[in-house]
Amino acid sequence: MKKTRNEEIKYLGLMLTATTTKDKKRFKSIICKLVELI
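Residues 1395 to 1432 in the numbering used here are what the sequence shown lists, from first letter to last.
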């Protein structure tokens, strides 16, 4: 099953809200890298 990009972004957003602040910093850096790739 392949997700659309919007679904992936929504999922990442849910992950961000569910993580601790330390994880948020890590996720932000990962998302920034993903955005650069897009």
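No residue lacks a Cβ here, since even glycine has one placed at the ideal position from N, Cα and C.
What would DSSP say about residue 1398, mapped onto helix, strand or coil? Reading the sequence shown from its first residue, position 4 is the one you call residue 1398. Residue state, collapsed to three classes: coil.
Please look up how many angstroms separate the CB atoms of residue 1408 and residue 1418, rounded, as I've assumed it's under 8 Å. Start at 1 with the first residue of the sequence shown, and residue 1408 comes out as number 14. Start at 1 with the first residue of the sequence shown, and residue 1418 comes out as number 24. Not confirmed; about 13 Å, so no contact.
Can you grab the Cα-Cα spacing for the pair residue 1416 / residue 1422, in whole Å? What you label residue 1416 is simply residue 22 of the sequence shown in a count that begins at 1. What you label residue 1422 is simply residue 28 of the sequence shown in a count that begins at 1. Answer to the nearest angstrom: the Cα atoms are 10 Å apart.
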